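Residue numbers (the working numbering): 118 to 204.
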């Protein structure tokens, strides 16, 4: 009879050990899911920033700020040398 009680106690101890590990893994999984969702939100905001930075109006504004001129306002230098020569 002592063997049966001993086996029951061992079985319960093992079950408690596995339950505690399962809870720890569950908390880790929950933490990782939270990190994944926050990284997805951060990724969306970065994609939005990229879209605004490469928009045509933003690029045109930056070009004007850096001294570029519109095509209609460009002056011709009179130098009509071809880029590639015919052979």
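Glycine residues also receive a C-beta, built at the ideal position from the N, C-alpha and C atoms.
Since this is a predicted model, take the numbers as computed values, not measurements.
Taking only the alpha-carbon atoms, compute the straight-line gap between residue 139 and residue 153 and give it to the nearest angstrom.
Roughly 21 Å separates the two Cα atoms.
With DSSP run on the structure shown, which of helix, strand or coil describes residue 186?
Three-state DSSP puts residue 186 in coil, outside helix and strand.
To the nearest angstrom, how far is the alpha carbon of residue 172 from that of residue 178?
If I take the Cα positions, the gap works out to 10 Å.
Taking only three categories from DSSP, how would you classify residue 171?
Residue state, collapsed to three classes: coil.
Once the 5 residues before and after residue 136 are set aside, which same chain residues still bring their CB inside 6 Å of it?
Result list for residue 136: empty, nothing under 6 Å.
Is residue 118 helix, strand or coil when you go by DSSP?
Residue 118 falls in the coil class under three-state DSSP.
In whole angstroms, what is the alpha-carbon distance linking residue 185 and residue 170?
Rounded to the nearest angstrom, the two C-alpha atoms are 18 Å apart.
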